[in-house]
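Data block below; observations after.
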DNA sequence: CTGAAAGCGCTTACAG
DNA sequence: CTGAAAGCGCTTACAG
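Residue numbers (the numbering used here), protein chains in the order written: chain D, 1 to 353; chain Y, 1 to 353.
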């Protein structure tokens, strides 16, 4: 007696809620095989005779059957879902990163569960949601990490990859552009071509990318005996670059060379300079970091440090998938060098050291 | 006998594969209640006494228990997953759209399953994957839709929302900017301010946005007796705008007013004109469509038709969620007007008609 | 308010 | 190569 009313209820629910989606049981019935066999046809075809495979596939096609990935995930304890946490996709550079990740992962049979956070939003709650969906791996991009996240990442065995960020002591894999070396490249380029008064327009103070780029730049300047570098705070945005540059150029002795923490900031800086009637690059050199597509536009023609994005993404995906196989993955870091791309926004001597 | 070995196997699997994640059974045992009760605490707290809720939550916190969303989805037949299909996130404007969708949906307790397709890739296979994950709804953005997709969307009851695209006869909801009216706005603005020779730089020929913007522009010009509009093919990219504009300006009688199918194209056009030494806006007016953030940058100061993105996204989310409640949702269309934003790239009379 | 149990749609060890 | 059945971790109708 408990069975039959249940059945009824459940059938009604099925009609109402199943969205007309066919299950393996239905396919099995029509093909005259067991449900297990249908399942095998869609998971490991080699376990089934060719004849049966054909029969099942024919019926499946007729009914437009597709295995339910949610049910499969529950059973497999593997969702093939990769969580990507990203703040501010709109900051140019990250859309490309996201697109590239999405496509690489998709080609490898993984799906992307996307979480974006506002600029100052905490990543921790978002992390909880990702974990609830049992993601097989997690990619964390331009997110300000709190120590909370670090602890969480330790609690779970879910592999975590930090893209272009790092956190000391976090049990995570890290792939970064060599931001320190990039900063040094810029210092050398500006000094080599005789610039006299240098400035740095910073990015978000808490971002490791900003910290490293500045450290490399300053460190190399100091090594070569240059002191008194000007500094303005920016926030990785066009507007902040524009304002910071304006402030610098209003100084009694303004800089003749500015290194900006990223390209967008540099574009703002360039526009500010031109709006003040300053000749680029004769009176002022501006150098960015990233090499986003707009850097090549003739309105900017920005000299910049190119991040090896494709390599960084390849490495990230490789590391992540590797560690998904190994329950005891280890924290590792991959540092990939960038390259100075010379365009019109900086007066650089072509002779390279 | 069949039970006990199963148990063993399954326990071993649990240790190896469960990633150390705690289930409701474990919480129930430690809290001295049934598994159903634990479940109720995390789904509908009102069904449980306050005392029990407290006890369960305490244990849950201790064990860091989080309900498994995959299991819940299977049981509920609702995943809270929304699929977003998008081509070329990198084309500015869409990162913003994606971010906004992601944040709105997240706030409403939905998660985003992201699928990107290459420019010429077929959306159909990607659709299959989204449906396998039992998404509750589907948002399709700047994707070239084939008739295949239309048919698929009919087969499933999964609500489909087309964002800024439409397909005739598709059973889907549609939210678009009024692209036709936008084109007409531009025609009037250029004609009102005495432009003599007009041109259109088109976007991807198959995109309904492009078709409509052009139709509105041409239609209005014709109504006002203007004939002989020049036309160049672009592809919604900076480079194609640059080249198309170059070709137009090399004509024996070049245009003095160009309407570009989107902002990026217009930026390419502006740079091409300036690289040829043409004065903007004295000798040439350039008008875009979208109003992406870079349009406001002083290097471009682009006059453009602003798409009411926020409204479009609000409407989209509202329509989609509404239809997820109603199994028999109907195809509907929402057309939202855009607005001409006057900046420095076009010589327009300020007196509006 | 609470528990026992069926069910969601798969996978897979076991037995043939 | 194939089928019967347990199990994945939840929800929820049913009975108390």
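We put the CB at the ideal spot given by N, CA and C, even for glycine.
Small disclaimer: the values here were computed from a predicted structure and weren't measured.
Are there 16 or more other CB atoms within 10 angstroms of the CB of residue i, so buried, or fewer, so exposed?
{"i": "residue 78 (chain Y)", "result": "exposed"}
{"i": "residue 72 (chain Y)", "result": "buried"}
{"i": "residue 28 (chain D)", "result": "buried"}
{"i": "residue 222 (chain Y)", "result": "exposed"}
{"i": "residue 15 (chain D)", "result": "With a pLDDT of only 39 at residue 15 (chain D), under the threshold of 50, the placement of this residue in the model should not be trusted; the figure read from the coordinates follows. Label assigned to residue 15 (chain D): exposed."}
{"i": "residue 227 (chain Y)", "result": "exposed"}
{"i": "residue 58 (chain D)", "result": "exposed"}
{"i": "residue 257 (chain D)", "result": "buried"}
{"i": "residue 326 (chain D)", "result": "exposed"}
{"i": "residue 100 (chain D)", "result": "buried"}
{"i": "residue 337 (chain Y)", "result": "exposed"}
{"i": "residue 262 (chain Y)", "result": "buried"}
{"i": "residue 355 (chain Y)", "result": "The structure shown does not extend to residue 355 (chain Y), since chain Y is modelled only from 1 through 353, so no value can be given for it."}
{"i": "residue 108 (chain Y)", "result": "exposed"}
{"i": "residue 168 (chain D)", "result": "exposed"}
{"i": "residue 307 (chain D)", "result": "buried"}
{"i": "residue 290 (chain D)", "result": "buried"}
{"i": "residue 46 (chain D)", "result": "exposed"}
{"i": "residue 136 (chain Y)", "result": "buried"}
Run through the DSSP bridge pairs and tell me what residue i is partnered with.
{"i": "residue 200 (chain D)", "result": "D:231 and D:259"}
{"i": "residue 173 (chain D)", "result": "D:161"}
{"i": "residue 253 (chain D)", "result": "According to DSSP, which records beta bridges pairwise, residue 253 (chain D) is partnered with nothing at all."}
{"i": "residue 116 (chain D)", "result": "D:86"}
Give me, in chain order, the residues of the same chain whose beta-carbon lies closer than 6 Å to that of residue i; leave out the 5 immediate sequence neighbours on both sides.
{"i": "residue 272 (chain Y)", "result": "242, 245 and 246"}
{"i": "residue 303 (chain D)", "result": "287, 342, 343, 345 and 346"}
{"i": "residue 332 (chain Y)", "result": "173"}
{"i": "residue 335 (chain Y)", "result": "176 and 178"}
{"i": "residue 51 (chain D)", "result": "none"}
{"i": "residue 212 (chain Y)", "result": "179 and 180"}
{"i": "residue 38 (chain Y)", "result": "24, 27, 28 and 56"}
{"i": "residue 3 (chain D)", "result": "For residue 3 (chain D), the predicted model reports a pLDDT of 31, less than 50, meaning its position is unreliable; a value from the coordinates is still stated below. Nothing listed; no residue qualifies."}
{"i": "residue 276 (chain Y)", "result": "249"}
{"i": "residue 140 (chain D)", "result": "85 and 162"}
{"i": "residue 31 (chain D)", "result": "55, 56 and 59"}
{"i": "residue 355 (chain D)", "result": "Only positions 1 to 353 of chain D appear in this structure, which leaves residue 355 (chain D) out of reach."}
{"i": "residue 191 (chain D)", "result": "224"}
{"i": "residue 339 (chain D)", "result": "306"}
Less than 8 Å between C-beta atoms, sequence neighbours within five positions excluded: which residues of the same chain meet that for residue i?
{"i": "residue 26 (chain D)", "result": "63 and 65"}
{"i": "residue 204 (chain D)", "result": "144, 210, 235 and 236"}
{"i": "residue 230 (chain D)", "result": "197, 198, 199, 200, 248, 251 and 255"}
{"i": "residue 296 (chain D)", "result": "302 and 343"}
{"i": "residue 232 (chain D)", "result": "199, 200, 201, 202, 244, 245, 247 and 248"}
{"i": "residue 322 (chain Y)", "result": "329"}
Which residue marks the beginning of the alpha helix (DSSP H) containing residue i, and which one marks its end?
{"i": "residue 209 (chain D)", "result": "208–223"}
{"i": "residue 122 (chain Y)", "result": "Careful: residue 122 (chain Y) lies outside any alpha helix (DSSP H) and carries neither H nor E."}
{"i": "residue 192 (chain D)", "result": "179–192"}
Can you tell me where the beta strand (DSSP E) with residue i in it begins and where it stops?
{"i": "residue 138 (chain D)", "result": "137–140"}
Any heavy atom of the ligand NAD closer than 8 Å to the CB of residue i?
{"i": "residue 55 (chain D)", "result": "In terms of ligand content, the structure shown is empty, and the ligand NAD therefore cannot be addressed."}
Identify, in the order they occur along the chain, each residue of the same chain with its Cβ nearer than 7 Å to the Cβ of residue i, setting aside the five sequence neighbours on each side.
{"i": "residue 102 (chain D)", "result": "112"}
{"i": "residue 195 (chain D)", "result": "256, 257 and 285"}
{"i": "residue 311 (chain D)", "result": "336"}
{"i": "residue 193 (chain D)", "result": "347, 348 and 349"}
{"i": "residue 215 (chain Y)", "result": "180 and 183"}
{"i": "residue 281 (chain Y)", "result": "344, 345, 346 and 347"}
Practice prompt. Let me know the beta strand (DSSP E) ranges lying completely inside the segment 25–113 of chain D, each 3 residues or longer, listed in chain order.
Written response: 81–87
Discussion item. Just to confirm the assignment: which complete beta strand (DSSP E) runs, minimum length 3, are found wholly within the segment 281–350 of chain Y?
Written reply: 285–290, 303–306, 333–336 and 339–341
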